[in-house]
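Residue numbers (this note's numbering): 2 to 613.
The beta-carbon is built from N, C-alpha and C at its ideal position, and this holds for glycine as well.
Input: a single structure, listed below in structure tokens.
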Amino acid sequence: MQRAFAYTLAPIVLALAACGGSSSSSSTSAPPTPPTTPGGEFVLEEATTADVHAALRGDLSLADGQRLTCEALVNMYIQRIFAYNDTPQPNGGLPIRGVLAVNPDSIDQAKALDALYARDGGIGDRPLHCMPVLLKDNYDTYDYPSTQGSYSMLGHQAGVDAHSVAGLRQAGAVILGKANQDEFAFFTTGFSNRAIQVSNPYNTSESPAGSSSGTGASIAANFALGGTGSDTCQSIRHPSSVNGLVGIRPSLGVISQHGIFPLSHERDTGGPMTRTVRDAALMLDAMAGVDPRDPKTLLYPAELRPESYMSFLDREKYGLKGRKIGVVKQLGSNSDAAGTGAQGELISAAVEKMRELGAEVYDIYLPDFESRGAGSRHYDMNQYFLTFEEEGGDSPRACVSSLAIATNGSDSIAHEREACSGLDGILETGRVGPRTAALFALVAADDPNLAPSEAQLNGLIEMRDYTTSLMDALVDESGEPVLDESGAQVRLDALILSPGPTGGRTCDFGSTTQMGSIVVPVGFDDSVGVPRGMEIFVRQYDEGTGLAIAYDYEQATLHRQPPSISPSPLTADQSIADFNARMQQALSEAMTEAPENLPIEHYIEVLGNIGG
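Encoded structure:
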């Protein structure tokens, strides 16, 4: 996929509808469409992109016999969000609160796509035509603010789309809204200081995982066709696992990090979260590409990028038959990398199913693996703000530091504007949660001008080379070569481990090595009432192999099942503006005054009382 987008990322779809131009700068053709039974009914719950396209063609119809339009589809998802998102669930259950805001422009986007569909007589060169997508709240968009799940970032409006968002729009996706997240993606519990707690729709007393908690819960609850997450250490993979989703954490450099608020540029990546492998591959096609604003995308040779990840979804050609799969038995000091308890049993059963499908399964030990990082978070965040401002972004955060005002007197406004321009400005607002404030204080202590050192970067490469060498030439626990039936030393295609924390930080494996992985459902954990997944881990830039293996397994098992959730009957007259205002007030309703008028001590006290 050799796609590079222009820096000026205008509202592509709307412009096309107005002028009749073509949106494609990609050589990716429309993927093959799964067969449908003409005359069937289109059902929103568990719908896929293929179902939507079948309904747009008229192969499926709505319950009233009418043909689906993009405008109707987007309205259906919006009404579902209104009915379910912040409705307390039965038997004392919590609201899901996966969606933070609905994009007011989403209906206009849908109307424009309907016009293009009529003009082209079909989806044309838009493989994601009318795919409503929810973006994690740390993805920049030109048409709606992104707040990183924090009150301190209200009004943070980008001038251009994140590179991956531009790719989604160009492929025909509708940006439906922003998904809730852990504040600044620092945590894994689903707590933001804007819409409070995200809940797992399968069991609201169980964790939704994080930090892409809102995306995970929302896509599981059928609030959109797909969503985006970001992953520094498990933040796509673990929410995908416990919400019954397919989630891709690609190798660094597959997807540009431009326009995604960072934690660590040497460990971060964006990625898709969907209900099926096919939709995940479609989104990855659109999100991936070369971007000069992210030098890591330039390290992935353009000639090696696949034209389309959809080409790997051929079970006969690329499936599990003949694949060599390694089950991670030891990862550094962690001997539980393949899961424990019910999740371990489900992953073991999944591995046996892979064997039935023709895979050869081996154990792999990585005793010398160490978690490595690059301590440049202050630098990375300030670089984000620098690019954000250069590209016309506006972040009118109102600092409320009484010390700053007292010190600067009449110059306080100018001082506060300057102080709010970077990471230090976030702390100056006094509107971050106490856990986040503590971590930001540590980050702020780093040198803001210090990029990752060569030694730090080499440490990441060392761990990647170590892992790849063992995949290339497998040895047993004692270091002896492992041979296949032909007598050759085994070369593994992929590794299997458990998403999320299981006896150790398995999330660090992908983050440290910067290699790719995909999570796919393996069944349901009846002991806690939530789904579970397994992580299929591949070599750097070998996402095609991961998708091929995941697709073959998914199609043979079909473990995905939707949650049972209850709607509110009081949503018929709600508007997008009403919904967004209510979500924005979720925190302030717990306060006696607007947050910006309160001393930070009181703000932190309120956050602490409601779970911050």
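Residues sharing a beta bridge with residue i, DSSP
i       : result
Asn-459 : Partner(s): none; Asn-459 has no beta bridge.
Ser-193 : BP columns for Ser-193 are empty, so no partner.
Ser-236 : Its beta-bridge partners do not exist; DSSP assigns none.
Gly-178 : Val-103 and Leu-135
Tyr-630 : Outside the displayed span of the chain (2 to 613) sits residue 630, for which this structure offers no information.
Ala-1   : Here the chain has residues from 2 to 613 only, and residue 1 is not among them.
Ile-249 : Ile-519
Gly-230 : Gly-272
Ser-62  : Glu-42
Gly-524 : Arg-533
Thr-148 : Thr-148 pairs with nothing; no bridge assigned.
Thr-514 : In the DSSP output, where bridge partners are listed per residue, Thr-514 has none listed.
Ile-261 : Tyr-140
Val-166 : Val-166 pairs with nothing; no bridge assigned.
Asn-335 : Leu-332
Val-476 : Pro-482
Ile-577 : Looking at the DSSP assignment, Ile-577 forms no beta bridge with any residue, so it has no partner.
Ile-256 : Ala-289
Cβ neighbours of residue i in the same chain (closer than 8 Å, five flanking residues each side left out)
i       : result
Leu-404 : Below a pLDDT of 50, predicted positions are generally treated as unreliable, and Leu-404, at 32, falls in that range; no measurement from the model is reported.
Tyr-301 : Ser-252, Gly-254, Val-255, Val-291 and Tyr-542
Asp-448 : His-379 and Tyr-380
Leu-367 : Val-329, Gln-331, Leu-332, Gly-333, Tyr-467, Thr-468 and Leu-471
Buried/exposed call for residue i, threshold 16 Cβ in 10 Å
i       : result
Pro-251 : buried
Gln-235 : buried
Ala-55  : buried
Ala-196 : buried
Arg-492 : exposed
Val-44  : exposed
Ile-82  : buried
Lys-137 : buried
Gln-67  : exposed
Leu-571 : exposed
Lys-297 : buried
Gln-615 : What the structure shows of the chain is the stretch from 2 to 613, and residue 615 is not part of that stretch, so it cannot be assessed.
Ala-489 : exposed
Ser-454 : exposed
Boundaries (first-last residue) of the alpha helix (DSSP H) holding residue i
i       : result
Ile-220 : 214–221
Val-53  : 50–58
Glu-357 : 342–357
Lys-330 : Unbroken run through Lys-330 is the beta strand (DSSP E), 325–332; no alpha helix (DSSP H).
Asp-553 : 544–558
Tyr-385 : 378–391
Gly-488 : Per DSSP, Gly-488 belongs to no alpha helix (DSSP H) and is neither H nor E.
Pro-435 : 435–445
Asp-280 : 278–288
Ile-82  : 71–85
Residue from the options with nearest C-alpha to residue i
i       : options                               : result
Gly-160 : Gln-171, Ser-153, Ala-172 and Ser-147 : Ser-147
Ala-174 : Cys-71, Glu-478 and Gln-80            : Cys-71
Lys-322 : Ala-350, Asp-553, Gln-490 and Asp-574 : Asp-553
Ala-557 : Leu-347, Gly-345, Met-355 and Pro-435 : Met-355
Leu-498 : Glu-346, Gly-434 and Asp-232          : Glu-346
Thr-49  : Tyr-152, His-560, Asn-181 and Ile-220 : Ile-220
Ser-616 : Met-154, Val-433, Leu-135 and Asp-315 : Residue 616 lies beyond the residue range present for the chain, which begins at 2 and ends at 613; the question has no answer from this structure.
Gly-480 : Arg-279, Asp-364, Ser-312 and Glu-317 : Asp-364
Gly-123 : Ala-456, Ala-343 and Ala-51           : Ala-51
Ser-461 : Gly-374, Leu-484 and Ile-348          : Just to set this straight, residue 461 is Leu in the shown sequence, not Ser. Here the closest residue by C-alpha is Gly-374.
Pro-96  : Pro-209, Met-382 and Gln-171          : Pro-209
Asp-144 : Cys-131, Gln-158 and Ser-153          : Gln-158
Pro-263 : Phe-441, Met-284 and Leu-117          : Phe-441
Ala-186 : Ser-213, Asp-526 and Gly-530          : Ser-213
Thr-514 : Gly-327, Glu-267 and Gln-80           : Glu-267
Thr-233 : Gly-517, Leu-559 and Gln-575          : Gly-517
Asp-526 : Gln-110, Ala-350 and Glu-463          : Ala-350
Asp-126 : Gln-171, Val-243 and Val-103          : Gln-171
Ala-225 : Asn-86, Gly-156, Gly-191 and Ser-242  : Asn-86
Residues near residue i by beta carbon distance below 6 Å, same chain, minus five either side
i       : result
Ala-452 : Ser-377 and Tyr-380
Ala-281 : Val-247, Ile-249, Pro-273 and Thr-275
Gly-215 : Gly-99, Ala-180, Asn-181, Gln-182 and Val-199
Ala-551 : Val-278, Ile-519, Val-521 and Ile-537
Ser-107 : Val-75, Val-175 and Leu-177
Ala-549 : Phe-313 and Tyr-319
Cutoff 7 Å; reference residue i; Cβ partners in own chain excluding five residues on either side
i       : result
Glu-1   : In the structure as shown, the chain starts at 2 and stops at 613, and residue 1 therefore has no counterpart that could be examined.
Gly-41  : Leu-61
Tyr-310 : Ala-282, Leu-285, Asp-286, Glu-544, Gly-545 and Leu-548
Residue i, enclosing beta strand (DSSP E) - first and last residue
i       : result
Glu-536 : 531–538
Ile-365 : 361–367
is_contact[residue i, chain C] using C-beta, thresh 8 Å
i      : result
Ala-56 : Chain labels in this structure do not include chain C; a single protein chain is all it has.
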